[in-house]
Structure formats: structure tokens, C-alpha cells
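S.K.: Chains as they are written, first to last, in the numbering used here: chain Z, 1 to 450; chain E, 1001 to 1450; chain R, 2001 to 2509; chain A, 3001 to 3509. Where is the CB? At the ideal position from N, CA and C, for every residue including glycine. Please see the structure below; I have some questions.
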Ligand SMILES: Cc1ncc(COP(=O)(O)O)c(C=O)c1O
Ligand SMILES: Cc1ncc(COP(=O)(O)O)c(C=O)c1O
């Protein structure tokens, strides 16, 4: 087997040094009755060629598209080749958590840079080495909020938050019987201020708001933050499309106390939903309540600048059941992709890409609205996603798109019954005008509703 | 422009230090009249995304095949993922010729290992850092032969040598009016001993023999070497499919004085013909006549083992017009691929792969011969290529194969009128039985000849 | 090697106007600015302005300050730093996988669904447990999921249980996960040999009595929802009374969770489902060779008994088989089933770290049933070889037979004033990555070495030689060790100041 | 950085039975052995037996003994070590290119043919020459091809010419290539400023008179087939009398070959076809950024005037355009034309280093006409900045204006007994790759620095600072420099013994 450095002669030498005759003798510690006395009922080993073929075959069984107009928390953006090339270096790829700072300065300095950039994007002061994904980042932010709010036990969650994020929140809060999750309704695609006001009270620890929200609408954080802060609660901004930070003001500058969400857009591909990149950033006051690993700058014995894992007293390996979170392995390499991506993009790249996303989405919306079956819903400012009502037959639309290898937007009815018949469309810098025209032409051919 | 580290402020600082106002002022050394006073008539710069799309588009305009049964000097073999991953390391990819041994030991040691392996595969004693490809390796071997043979001016070349190699030989020998290239005929697919005997004389410096030859046939080097050596000429073995060294005895052990050819099969893909890997190996006596770079083992001032470019007195940068060759840049990274491939394969891998190639080719031949329109030509031992006569319509066969995304073997008529209507077939470890059956089924459906 | 200067932060080298990315020409009208003025993005303070090659050099140079698996042996105990095959990276990067959208209709992602289904089948057979979810992103996430399943299982039976038992040798994530899943953690004491104590244990230092498993089960009874047991435990020893433990817990209706971080010792050799485990997680980034990425991503699938399947996270992948005639090959199709009324819900936004799952399945296919077992045996041989070579120099705090890893104590060296940290740092000077240190907590000054099956005798010997050389140095010149490392790019770091006056991001000077 | 021991030869670590590659299951009958017994492969003596991870570590460790472009500035003069963009690697690795077979029918490789055609069009416009072949594998191969074209051109006119003129500053490949193409080389002397001397030159040392261009042309006349001129020449200076030179040569019917190795100084700024060049090669691995790969592969396309096109190597790519209606987009198809009766034949087995051509075209597309010119100007600015910063410390043997590279002499340092080699080796201690040294031969102790356009001010300054520091060290402690390098993995190597008693391969001890 190519991965095992076995050879008859050396194997014998190892066993002789150990003092056993056969490797199986070393299983003595496992009671006979608890062992498996047969081979696993699985195929036997394969050459690299066979394995490669098997996976090419599987990959080919996924439909390929000319263009995907679907976002909904997973975005198609261009990934510079340098990102893939750099993360392929074994020094990044195969190392683990930088427990030994003297030989892990690469990873540590990268995390420090990444934390800095997350703070910059969000306008907040402290971040960490990453969280699993957007949904679990929401959970960590929510749990942190109830932790710092001490006696307050209610969490308000805007219905504009990604439905899957809300589902994870529900799953994670369920075991904590003292905690309560309450939904705040939408009006015209954004959080309803009246409903928010009605639900705010002295038990509310925090309010989670989408920025932009799942429907692509830009919530006016500033306006919403006023009553929330007045009620003594925290504003948690949740962003599922991190590229929006090139278009929208940093949440920390418009009222958010915490910002969290999904940053897969920075240097990653849709990849059937993972690995993605959960991020979190908070005001300085909360830093000792953050979940996960944090890197800090310090000096070595000779006074040279270097980086170490720090504030570890928060973490599970020290605090065990009292830790701020259970997270251990995180999304290190995905954070590295984001770091490389952001350094390549720079401020001009971030803003420019964001502007192109906005331009493409606006153009797509305008062209779609020229179709007789497409209808506007009350418009809000949006970034690269927006909702339109479709009066035609959704199945026919799906079928027509597939025929042309186009993946249409999300049929919202499944998640928002009130938006049944509506589609959430997305366009990014990867959508050429030609692709957009081809979508519009395809849709124009869908048989009209009877 | 992303590749240029330009910034208005820094650019100004550079110019100020130089003492000019504008970069254009530095063109003063180029007479005004010789400069270009317009922009190049070419498209302007593109983003990485646009470039990527352009090339994906071009790549898609090549037909993809389920299986290619075409060899003829360019072979489809499996390339382990480790090969691509390792050569992608910038330390290998971007470095140049190891002029400074103290910071080029990686490249130097690799070349030393590569040379060792070429010697092992060929059964000869000295090799070099690589040559451009199989055809130019033939030229270098031939020129070297006339160099060492001093007064002898004729080169005999078997008609079994790859027709393109022979064409390059002709091109390269043409300017040397004192030198003569004479072809030796084939009989039953191998070099005709009678014709060889007839053409051997005191002016013959060397005889080039395919091993195996272009028609896939294994030449009996031992038998052919006897008259050649008796005539005082050198035997040059030419191999276009280096994997054959896992099946056939090393040429150096069966009579060859030089071995040369193409080693693209070791860790490379067909890639429309390049970059490939020319190799050469010779007996020790000829080492100071070798073309190209050679690495030798030595010690540093502290007695530590290390590697350097050596025997440089042969080379163009020292000997100029008296050099053994003009070659400077070679195929370094391709040689690295071969080195990694060979170390992964090891002796078992080389032999095992070669056996599988032989098995697949034999099976393919057997199955094809079951078709009524396929006919044997006089059989010789072969490795992974063989010739069959096709009585059907060649164009119809081509069309039927394409329909099934199969690339058939080479129509030999173009290169060997005497083999008009014959096809050179190839099968390797990459040809599954299913692919072979699918080819046979496809051919069975070709309308029979009228 | 050629970079003896430090690579500064990229922010410090940013120059206005430089750029490392160009944008495509905009082929539609420019965006209208529809943002409320106050929501319009202002500037960026910490995105550097650099050319592409400058960014590439930055990350290339930084990478050289790291030690990776392909530099040499990296025997972090409990982390299973085995070879990360490149073919796994290659197949995971196939565009058919990376371009596929998690919200695409099932019919368009049959390859992905089949892959997930197939990996689940492998994990079922490997663990002997019939239920699986691949959703958890890492071990800790799997633990929390598993404990939530335990909670849901009991709740479905109308039973509110509040306690999870966890041995003192357990990993920190165990109690933290149990707490996140809403449970109270009660610690199980270890016996001197590192296994769980059935009897009460009196602390030799403070005389405090710690209740053993037997006492806890009889006292807490049906309060106990389950126990989280690492097996082999964190000293690399198999809980030889596992069956008795699980029987005892089952007797009060409690479930047994197994932390499968050490599954590299068991694959193909023993199956948790066969020895009493009800639910467990696997670390695909450990036992199944997916790369650790400087901290992640990993994947922590959870496997469980039949009775717990209804509670698994949604969606679950389902296979439908088309009826075919005799002798024909069956045609399968796959879909997500979201309709699981008893499900705990979701623990990942979509379906888990899919790219990691691809790699793990490639690992499975490459090894096959025979290779998986061979790997396990080799991992055990390697650990025992290290044990045999080092045991005269380093103290084996626990003498029980080691499986895939071996834990030494620094007690021999401590007599000379040299501690585990010093030994670890000196290993760096020898060109190696240190083992896991100071874990498990039950071994004083633990040095936990897990060589994995990937190491050949050469590399094992070189590593052992380095440690033996250090042991000699301890006797001859112990003080020098406090200075280690001296050959690394940096000397020891001031971690105290780092924590007291934390500098957690760069800010313009 | 972590590998302070040497990485031994893999042969020395081979262990019988280990394997790094598994074979697929054979799905056809095993091969019958049809080989004559004496032609059956015997054993292998030097293929190591190692596991996959051992091979990967070997090449990873070895790589760390190399210095690459992404480690930092690599200003090898004449080699144009510019940034090698990763997108070029990515597109060159597209399966549509790498899987395509060179013998496939033209209709099936239209993408490749269009790519080749398009790159040719770019190179024509860049050089101002209407003929191109992409077949040559590297610069030297291009030179030989070009000289063969010159030969064919004259022969077709019935003229047998035997001489090629080459300046003494020319690269060694120039005379070697001319010789391989069957010509006699006559050397042209340089003037003190490094440019070609029209007049005879008297060697100040031995009083020998070397004939200048004028004399040679008038004496040799129609014996002269052509001249090979590097422009800008190897001192980085433009042959300002180029037009006169070419006019003079043309006056006797001779052709002008330009060695385009230094094209990085001219792209978008001046075109050889416009200033009198008849035929030239380009080094795509220099001016067009394809990676150098530790020695290659490169590509050395040859461009030529109309009159030489019939002699270009076969096959040539031809574009056919389908007739379309007005306003429609023209549809092109491409094919290989093998029917070129006057062609010199072939210089590469197939069509050249195709993979390199893909990368070069990606470089062209990325830069565009504007970026190409900007890159040239930046390369010139960078070289002149280095010149400005260093000229007070290092002697400018030639004062003429530099274009893309600058050549210093070690004459200032030689007075202290320190020579170019010492300076180069000390640069290694500063963490940098030395420049090209001792070339061109006409500059005593040449240090030839070509920073390229890829370097920013930071990196240029750090490099200059290192050289200035060395210049100071020369004054203060010259002897220490003879010991350099001291920080590299090895000290200076015994090259004499290496050449006298060559050990050119490993053999079992
Ligand atoms: C025994 C044990 N349990 C649990 C974990 C947590 O796994 P992860 O880091 O994947 O969350 C680890 C890993 O560090 C471990 O070693
Ligand atoms: C001036 C000059 N001419 C020719 C060459 C030869 O080019 P190549 O190495 O590509 O054969 C070189 C490169 O080293 C060179 O610098």
C-alpha cells in the first residue's frame, strides 16, 4: 500500500525491538470479545488511478452550469489562481493548530492579519481565528450575547436572517431551557420596526439582524439600533455575503455591537456548502468572552516581534465545561484563503468588486422585469441579490433554465410561504452580460401562464 | 496592473533617485527613429477572470476523448497527483539553472538523481540534465557520434525511427555538407539486417535503431549490434516510449553505446506535443563529449557532500563555437517530473506498469483481430503499440470513433506508404477493458467495405 | 531558509496605489447608488495595497516559518498527523464538486449525494453503527451534536436527564460540548492505569474522595443522560472494561458516547457499535487523513444506533433504487429528506464541510478494507516502537499496553529541573515538531507521541534519536535546555504579556 | 528552515519492499511474454523503494535548498526572472490542453491551433516581423533555427555563404548555434562602451588588432551570411547604430539576426522589424514570464521577414475564414500546413513546448498592449534605480545609458582583493540570489543585475542595501568575504575535484 512505509525486513526489525512476533500481538489490550473477527465488509484497496476515476465519475454526475443565478448564502465569485497555489503549500495545508509558536509563526501571523482584516471589514475591534460557518457563527454570537447580558434570556431574531441560520439557532438554543428565541417579522423585505419595538423588553439580550438580509435587502442598522440599544440590548449584525462589506458601511460603524456571518465569498467556491468560513467580531469590551482561538502579538526573549495563541483562559482545553465555546479545530485554511484574497483585492479590489456585483444585480433585475411574467416586490436597497415575483409556472421556468445549463434563483416559497411564487436572484462579477441575456432569452421562451 | 508594483508616490521616488522626470526619458539610448511611436495594435490588458475565461474557451474547443488509442511518440499515462503538487512548489517551478550551488542544492541533487536513474534505465554510465525532446535528443546523439568517430561521416538511420525524429535529423544534418544520413530499410516491421549489412562501411559513424521502433516492434539490438560493432560503428538506441524500459532489457546491456529518446511517458501528459523530455546516456568513455548540463557530486569546504554543475568545459558559455552543443535552457522541470515519477514507481512500479501496458496492448490486438476488417501484419514482439491492416474505409472508421469520443490509432499511410491502410494502435494502463470493448464495438458497427 | 529577516506584517508594507487584482471590464451599466448615505461604505484601514507578486511572496515567506507534515514527522498525540495524500486534494478540487451549489435541486447534484451516501456507508461499517450524519464541522461540533441526540432520545422517551459523565482524562471539548448541549458535567476519576475507575478514588495529595463510576451510577441513576468516553483513552490505552461500563450505564437507561478522536487505533480491528457504544463522532481530519490546514477545516461525522436515527440533523440523504429486471445492474437515485419530525434540526448551515468529506472518501477508497486494517496495525506498531526505544529514558507514567500513541511523563527529567516544555522546545532545535504536551492532564508533564502509520523506521529512529540525545543533555547540561529553542526563527515567546495586554490586531502607527 | 541535516540521496534510503505507487487491478489477461529471453528486462539498480510520503518529503525537503522567485528578488541578468503568474499555470493545466494528442486530426484540436495562431499574431505585432515559428524549445534552439533560415534563404538564392559575425559580447549560445547550423563564426569586437565597433580595435594588452565591422564587411563581403546581434546588448545598452549596422550588412546581402533575450527592454517601445532586423528569437521563459523550472522548459520562437517565411519549419498553422454575411461574426478554422517545399524541416518533434506557449499567451492577454509597454518601462526604471543607488560603490565599466539591466565591474573591490565571486557569495548570506556573474565577458568581473519590472521599491532597496553593506565590508574586512557564504546550507564547493574526478551518478556502495 503506497501510503504505508512497510517492508518485510524493516517491519521485522520494528517488531523485534518491541518484542512481539506479530503486529496483532499488540492488540492484546483490546479484550478478545470486543474485537472484530472478520474483515470489514468493504471493497479492498485501490490504486490512485482507480480512485481518481471513481471521483471523476462522481463529479461528472453533478450538473455543470454556464451560470448560476443562485446565491442564498453560497456565492459564486472569481477565485484568483494565487489563492489555490498558495494554500497548496504543505506548510499551510498540513500543519495543525499553532501550539508551538516558534515553528508556527506562519500560521500565527496569518491569523493575526486575518483578525485585523475582519475587524476592518466589520468596523469592530476584536475577532478570532474563525468559526465553522455563517450559521454556527450566529449561534456563537447569540450565546455570547446572552453570556454578556447576564440576566437577559431572550434573543430576538429577524425573519430576514438566513432560514438555515435560524434553524441552527433553534437547534442550539433548544437544550437551554432558560433561553428563548423570538422571531421579529419582516415588512417589505426588511425587519419590521413596529414588531421589533413590540418585542423589545428588559429580557432581550440581543437582536440579530441580516445585513444585508436573506432577501438581499439592506437593513438600516442605524435606525434599528436606536430602539435596541435603548432597550439595553445588543445589536448583532449577521452577514451571509461578506463581499457586501465593499458596498455597505462596516456594521460596527452603524450600530452593531457584534458582527458575524459567512465569509466564504472571500476566495472560496460554492463547494456544495462547505468548507466555509464563519467570522465574528466584537467591541473590545467583549474580547474575553469571544469563542475560539485568538492570536496576539508579543515578543520573544530577544525582543523580536512574534505571535502566539492568547486569551486561552476562555477556551475548552483550560476551562472545560465553563469555556466560552467548545470549538477546537476551526476553518483555518479557509481563513487563509480569505486573507490571501483580501490582500490581493486590497481596498480598490473590494470596492470595485462590490460595485460590479451591485451593477450586475441591478442590470439583471432591470432585464428580468422586462419579462411580462416578472413582477417587482416592494423594492429596498440591495447588494447582489433581490426578490421578484414570478407569475409563471415555476417548474416550467426551472426546466427551461436547465435546458440551457442555467441555474435559476431560489424558489422562496419553501422558506417563506409569504413569498410563494417569488424567486431570489443573485448576480456577481462572474455573470457576464451575455449570461444575463441568455437567461432573459430563456425565460422569455417559457410558455406563458394560462 | 496587478503584476506591476507601481504606485504614484513610489514611482516618483524611483525617478527622482535616478534623476529623470519621466520613465520615457530613460529610453534616450534608443535612437528616436528606431522607436515605436504608437501603441501596439493589440487588445489592452485583462483581468485574471477574463484571461481565465478566454483560455477555458480555447481549451473547450479541443475535442475531449473517453480514450485515445493513439501513441506514436506521445503517450497517455497516469500521472500521480504528487507529481503535479511537488513541481508546483515555487522553489522548483521558478528557480533557474543552478548557477549558484550553495542555494541551488535542491535542483542540483535532483538532477544528480535523475542522471542516475536515466543511467539505470538505459544500462549506460553517464547522462545529463535533459535535452529538449526525443527528436532533438536523436540529433545530439548523432552529432556526438560523428564527433567521437572523428573521420567517419555517415550516419545510418533505421526507417523504424520515428518519422519526425528522422525529419529533425535531416534538418540538423543538412547544413553539415560533409555529413551524410542514409536510411536503412525495414523488413517485417524491423530493421532489415541485409540492408544494414549492405550499408555498413568504414565511413559509418553510427547506426540509429528504434527500441522499440515507431511501429511498436522490438528490434533485436543484440543481433543488430554485432555487424555494426564489427564495422567499427556505434550503436545508438532510440526509444520514444521510455516506459518500455520496464519491459525491455536496458539498451546498454544488449549492445547500445548510446541510448537516447523521449521520456515524456514518465510523469507527463500528451500536452499537444510538449514540453517533453529528451534523454541521452552514453558509456563513460564519451562523457566529455556529452551535450548539455551535467551535475557532479563533490564536497564543500567543510567536507559536506554537495552537487555542482560540472564538465562545463564542454559547454557553449565556455567553449562557444567549439562547444559540444548549443543547448542552454533545457527541460529541467520535466526531468523533475520524471524523477518524482520514477521514485514513486520504484522497480516494482516500473515493471508492473510495463506489464500492464503489454497486457492491454496484447488484449487490444487480440480483440481487434476478431473484427473481420482487421488483419495482422507479420508479427514481431511488441510493447504497447502494434500495427494492423484495416481493410475497411479509414474515413468511416475515424468518423465512427469520433462519434463515440474515441481517438483511433494512427493512419500509417501518411508516414509509410508501404503501410497504407494500416493503423498503429496503442494501449496503456489507462485503457480499461471497457474502453477497449467500446472501441471494438464501435469498429464492428463501421459499415463493411463494399 | 534564505529568509533570516522577519517577514513584516503586510499592512506595514502597503503602498497607496499598488494593486494585486484587476477587475474585469464592466459590461453592464455602472451601479446606481441606491444606498442610504449613511450605509455607504467608507474607507478600509487594514486592507494592504500590494502587487500580486508581493502578496505571493508574503505568503510564501510566511509559510516557511511553519513546519508541515511534509517536512517530517509531526507526532502530535491525539491529532493523528498522518500523510495527507495529494490525490485527495486533486479530486476534491474537481470543478464538478467545487462549483456545485448547496441549494441546487437534488437531481442536479446526484454525484454529491451519492458521495455522501457512500461515505456514510463506509463509516457505518467501520463503526458498526447504523446511523450517520456528516454535518458536524469538526470533532467538537460532532460531540455537541451527539450529546444533543442523547438529549433528544431521552426527551422522546419523556425523560429529562441532566448529567453527562466525563472522565478526567477526557479532552476539553468533551465537557465544553456537553455544557453547550445543556448538560451538567460530572467528572469520572481515572485509575492509576488511566482507565475509568469503577471504584471511588482518594486523591493522594489532598485526601479528597472522588466518586467512581459505580457510585455515580447508583447515586445519580436516571439523572444520567450518558457518558462521554474516549476509547482508546487519551493515554492511548483501550478501556478494557468498556463492555462493563456500557452495560452499567445502559442499566440506568443512560447512553454511551464515544469520542472517536483515537479511532486510528481501532479501524478494522474493533467496532464501537460492537462493544457497547451508542453514539460517537469521528474526526475525518485525524483518522481519515484530511489535512489539518493550520487549524481546520475538519469534519466530525456522528454515528449512532438505530434508536437514535430519528433525531439526526436534517436533511438526511436517501437512496431510491429503480426496479430492474433480473441480472441488470440496479440504478440508484438520491435525494435529501427534510421531513424528519424528530430531528434535532441543523448543526451546519448546509451539509457539513463537504470538501473534507470528498477527501475522506478518497482515503477510504484508496485503503479499502484491507488497507484500513493494515494502517491501524502499522500505527500501533509505530507507537509501540517509539515506546520501546524511549521507555528507558522517559518515564511511562502508565504501563498499560499502548495502542496508537504513547504518553511519557517528564518525571525522570524533572529531577534535573527540566520539564516537558523544555524537551519540546529542544526538539524544535533538532528539526522536529514536538509531540502534544501537558495533555492528558492526568499524566504529569505529559509528552504524548502519536507517530501514525505514515512513518517509516528511518523517521521514527531519527525522532527517537533526537529525544534520546535530549535525555542525555538533560543529564549533562540541564540548564541549556531552558534556553531552547535556539535554532528556530524565534526564541520563547512572552505569552504572559500577550494575555495581559492583548494586541489582537494591527493598527496604523 | 527546519532541516539542518542534509537530505541524503533517495537511493541511500531505499528499503526493499516499500512502494510509492499501486497499480490498478488488471482487467484483461496478463501479458504473454513474447520477448526474446535476452531482451527481457533485468533488475533496476537505482530506482529507490520508498512509500509515497517518503518520496514527497524528499522532494519537499530538497526544494527548501533552492531559492525561488517567490522567495525574493532574483536578478539574474540576461535571464529576466520576472513574476510567474499562477493563473498561467492554471490555464496551462486545463485538461483540454494537457490531454490533447499532437497527432490528433486538426479538426479536433481547434483550440490549440487557434492558440498557436493567436500567439503568433501577438509576436508578429510585438516584433514587427511578419513570419513566426513557435517550434524552437529554447533560445539556443531558436538561434539555430534562425541561422538555418538564413542559410536556406541564401541557398535558395544560389548563394553559399559561410560566415556569421558575432560580437564578443554575445552569449555563448550564439557562436555555438551558428556552428551547429554549419557556419564559421567570426568575432566582432566591442568598443569601450560595449557596442559593436565599426572600426578595428587594438587590444591594449597584447596589441593585437581585431577587425571591426567595416573591415570585416569589406573583406568578407558576400561570404557573410549574416550577423547575430543581441540588442539591447548584453551590457543592457541599445546598439544605437543598429540601423547603420543592418544597412551595412544588407549592402552585401547579409541578413541580421537578433538575439532577443533582452526583449524585455523593447516590448511596446521599439520593434526589431522596424529597425533592420531580419530574423530573431524571443525567449518566452524570459520576456514572457513562463517559469524557468530550474533550467527549463522554455520556448524560443523565431520571427522573420516576409522573404524568409517559405523556409520556416513545418508544419505551419493556417487560418481559413468562412465567408459570412455582412454584419455577422467571421468564423475561423485552423489547420496545419505541411506542404512547405522550401522549409528547413523540423526543429522539434511536434510543435514546440506547447505548454509554455499557453503560459506566454496568458501573459500577453493579461498585459495587453498597454501593460506590455508599462512593464517594459518599469523594467527600465528598476534597472536604472539600482544603477543610481549602486554606482558610487560599484564601478560602472560602461557608462552608456542602461535599459533593463545594469552591469557593474568588481574593479573597485578588486583593489581590496575581493572579487565578483566573493560579492555574489556574500549576497547569499544576506538572503538573496546573486546576479549573473562574469558575463558578459567584455566586462571584467561583471555583476549583471536585471531586476525586471516585478520588483517594488521595497525589494529593490533591500537588495541595494545588501550590496552597499557588502561594499562597506569590502573596505573594512575584505578577508571575511572569501569565506562567504557562511549562512547557506553549504559552503563553497570543490568544483575542481568535481571536474577532475567526476562522480556523475550514484552507485551502490
Ligand atoms: C480526544 C479529542 N477529542 C476531541 C477533539 C476535538 O476535535 P476537533 O478539534 O476536531 O473539534 C480532539 C482534538 O483536538 C481530541 O484530541
Ligand atoms: C543573451 C542570451 N542569448 C541566448 C540565451 C540562450 O537562451 P536559452 O537558454 O533559452 O537557450 C541566453 C540565455 O541564457 C541569453 O542570455
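Return the bridge partner residues of residue 1180 of chain E from the DSSP annotation.
M.R.: E:1154
S.K.: What in chain R is Cβ-close to residue 1049 of chain E, meaning under 9 Å?
M.R.: 2022, 2023 and 2024
S.K.: Using a 10 Å radius around the Cβ and a threshold of 16 neighbouring Cβ atoms, would you call residue 2070 of chain R buried or exposed?
M.R.: buried
S.K.: Mapping DSSP to helix, strand and coil, what is residue 2981 of chain A?
M.R.: Outside the shown range of chain A (3001 to 3509) lies residue 2981 of chain A, about which nothing can therefore be said.
S.K.: As an exercise, report each continuous alpha helix (DSSP H) stretch of at least 4 residues that is fully enclosed by the stretch 200-271 of chain Z, in chain order.
M.R.: For the stretch 200-271 of chain Z, the full-length alpha helix (DSSP H) segments reaching 4 residues or more read 221-230 along the chain.
S.K.: Tell me whether residue 318 of chain Z is buried or exposed, calling it buried when 16 or more other Cβ atoms sit within 10 Å of its Cβ.
M.R.: exposed
S.K.: Cβ of residue 2078 of chain R versus every heavy atom of ligand 1: is any distance shorter than 7 Å?
M.R.: yes
S.K.: For residue 3187 of chain A, would you say it is in contact with chain Z, using Cβ-to-Cβ distances shorter than 8 Å as the test?
M.R.: no
S.K.: Assess contact between the stretch 3287-3299 of chain A and the stretch 3194-3212 of chain A, defined as three or more Cβ pairs (one per stretch) separated by less than 8 Å. Is contact present?
M.R.: no
S.K.: Residue 452 of chain Z: which of A:3018, A:3340 and A:3194 sits nearest, CA to CA?
M.R.: Since the first residue of chain Z shown is 1 and the last is 450, residue 452 of chain Z is not available in this structure.
S.K.: On the DSSP letters alone, give me the boundaries of the beta strand (DSSP E) that residue 387 of chain Z sits inside.
M.R.: 385-390
S.K.: I want to verify the contact list: residues of chain E whose CB lies under 7 Å from the CB of residue 3144 of chain A, in sequence order.
M.R.: 1326
S.K.: Would you say the beta carbon of residue 2303 of chain R is closer than 7 Å to some non-hydrogen atom of ligand 1?
M.R.: no
S.K.: Tell me, please, whether the stretch 2078-2096 of chain R touches the stretch 2257-2275 of chain R by the rule of three or more beta-carbon pairs shorter than 8 Å.
M.R.: yes
S.K.: Please look up how many angstroms separate the CB atoms of residue 1278 of chain E and residue 1131 of chain E, rounded, as I've assumed it's under 8 Å.
M.R.: 3 Å
S.K.: Which of the three DSSP states is assigned to residue 277 of chain Z in this structure?
M.R.: Residue state for residue 277 of chain Z is assigned as coil, using DSSP reduced to three classes.
S.K.: Check whether the stretch 3308-3315 of chain A touches the stretch 3342-3360 of chain A, counting contact only when three or more Cβ pairs, one atom from each stretch, lie closer than 8 Å.
M.R.: yes
S.K.: So is residue 3065 of chain A buried or exposed if we call it buried at 16+ other beta carbons inside 10 Å?
M.R.: buried
S.K.: Report the neighbours of residue 429 of chain Z on chain E: residues whose CB is nearer than 8 Å to its CB, in chain order.
M.R.: 1049
S.K.: With H, G and I counted as helix, E and B as strand and the rest as coil, what does DSSP make of residue 2304 of chain R?
M.R.: strand
S.K.: Would you kindly work out how many angstroms separate the C-alpha atoms of residue 3160 of chain A and residue 3223 of chain A, rounded to a whole number?
M.R.: 8 Å
S.K.: Would you say residue 1106 of chain E reaches chain Z, if we count a Cβ-Cβ gap shorter than 8 Å as a contact?
M.R.: Residue 1106 of chain E does not count as touching chain Z.
S.K.: I think residue 3467 of chain A touches residue 3390 of chain A, with their Cβ atoms under 8 Å apart; what is that distance to the nearest whole Å?
M.R.: 6 Å
S.K.: Within 8 Å, do at least three Cβ pairs link the stretch 2454-2468 of chain R to the stretch 2375-2394 of chain R?
M.R.: yes
S.K.: Which word fits residue 2318 of chain R, buried or exposed, when buried means at least 16 other C-beta atoms lie within 10 angstroms of its C-beta?
M.R.: exposed
S.K.: Closer than 8 Å between beta carbons: that is the criterion. Which residues of the stretch 3051-3064 of chain A meet it against chain R?
M.R.: 3051, 3052, 3053, 3054, 3056, 3057, 3060, 3061 and 3064
S.K.: Around the Cβ of residue 387 of chain Z, are there at least 16 other Cβ atoms within 10 angstroms (buried) or fewer (exposed)?
M.R.: buried
S.K.: For the beta strand (DSSP E) holding residue 310 of chain Z, just list the boundary residues, first then last.
M.R.: 305-310
S.K.: Taking 8 Å as the threshold (C-beta atoms), are residue 3426 of chain A and residue 3484 of chain A in contact?
M.R.: yes
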